Amino acid sequence: MFREILAQDADSIQTQFDLVLGALDDLDVTRAMAYATQGGKRLRGFLVLESARLHGIDESHAIWPATGIEALHAYSLVHDDLPCMDDDDLRRGRPTVHVKWNDGIAVLAGDALQTLAFELCTRAEIGSADVRAELALTLAKASGAQGMVLGQALDIAAETAPDPLTLEEITQLQSGKTGALIEWSACAGARMAQADPAPLRRYAQALGLAFQIADDILDVEGDAKKAGKRLQKDADAGKATFVSLLGLEAAKTRATDLIDQACAALDGYGPKAETLKEAARFVIARDS
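Numbering (my numbering), first residue to last: 1 to 288.
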């Protein structure tokens with residue numbers, strides 16, 4: 001059931017991107033924006049839509065922030081792939097944006113996707129001005145120097161640090177780099193309903209950390225063709241990961257324990273939260 005809903009939500013988000021981006025001028029930068037937003041699991045957008053369903057919010061309202069978070073995630077990947085960052089030439093099995101176009105277009109496409117994310121999260125269709133302001137404010141915190149960008153900065157600093165990161169340090173890094181946007185996505189439905197987001201926050205914090213541990217495991221055990229990107233980069237660079245610090249089996253155990261914590265955080269919602277629990281279990285079973 002979860003995989004069907006995930007696929008349906010991905011299609012809905014793609015339709016929304018086609019609508020929004022199709023209204024822009026036909027330029028290299030807008031073509032690059034559309035290219036960057038194609039494909040992927042769209043897990044963050046799914047979390048927005050499913051948390052909205054959990055709180056009785058109609059999809060016609062929730063599709064806007066769901067598409068917005070996917071725009072912001074796409075921006076982060078476009079910039080992360082640049083030569084000055086991770087220098088990747090493959091993303092989702094296709095050439096990265098700077099390889100298909102050039103560095104300048106990649107920077108501009110990423111910039112435009114970031115601002116588009118805030119435009120989509122403040123659309124009048126979402127709800128009251130208070131709700132839209134809360135979504136925008138929390139997204140700014142989750143994506144900037146208190147969240148994702150902080151994690152990216154810590155990651156860059158770790159590359160030239162004299163000693164590998166400790167487990168505590170890498171947990172802090174990944175809670176920003178990966179976890180912050182997952183947390184925002186899972187809490188979006190509660191915020192739209194002006195309900196308490198605390199249970200979903202606990203769910204998302206455990207989910208986000210498990211997601212990153214699963215990524216580290218895939219980097220060691222995964223298939224590059226299925227993953228659609230170059231693997232074993234961290235090991236080649238000598239960077240600390242959850243696998244290098246914990247060992248492969250202990251990392252798998254830690255990820256499983258975190259998923260149990262994530263599911264337990266949703267118990268108060270009863271059967272309505274089963275799809276979100278399935279999503280958590282999917283995170284550590286995926287192959288890409």
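Cβ coordinates follow ideal geometry from the N, Cα and C atoms, glycine included.
Being a predicted model, the structure only gives us computed values, none of them experimental.
Residue i and residue j closer than 7 Å at C-beta
i	j	result
LEU173	SER51	no
ALA210	VAL283	yes
THR15	LEU24	no
TRP101	ALA195	no
PHE2	GLU278	yes
LEU150	GLY176	yes
ILE110	VAL131	Before going further, note that residue 110 is Gly rather than Ile in the sequence given. Not in contact: GLY110 and VAL131 (Cβ atoms no closer than 7 Å).
LEU54	LYS272	yes
Range covered by the alpha helix (DSSP H) that runs through residue i
i	result
ILE182	179-192
CYS263	248-265
TYR35	28-36
GLN8	2-22
ARG281	274-283
ALA204	198-221
ARG132	129-143
LEU116	103-120
Nearest-angstrom beta carbon gap, residue j and residue i [assumed within contact, 8 Å]
i	j	result
ALA280	ALA262	4 Å
ARG42	ASP9	6 Å
ALA255	ALA204	Actually they do not touch by this definition, with Cβ atoms about 15 Å apart.
TYR75	LEU137	Between LEU137 and TYR75 the Cβ distance is about 18 Å, and since that is not below 8 Å, they are no contact.
ASP216	THR241	4 Å
GLU125	SER60	7 Å
THR96	ALA71	The pair is not a contact, with the Cβ atoms about 17 Å apart (cut-off 8 Å).
ASP180	ALA142	The sequence as given places Ala at residue 180; Asp does not occur at that position. At roughly 4 Å, the Cβ-Cβ gap stays under 8 Å, so ALA180 and ALA142 are in contact.
Spatially closest choice to residue i from the options, by CA coordinates
i	options	result
GLN212	ALA71, GLU274 and ILE259	ILE259
ALA193	THR160, GLY56, ARG91 and ALA34	GLY56
VAL243	ILE170, THR275 and GLY22	ILE170
Cβ contact check for the stretch 59-73 and the stretch 84-99: 3 or more pairs under 8 Å: no
At least 3 beta-carbon pairs within less than 8 Å: the stretch 184-202 vs the stretch 46-60: yes
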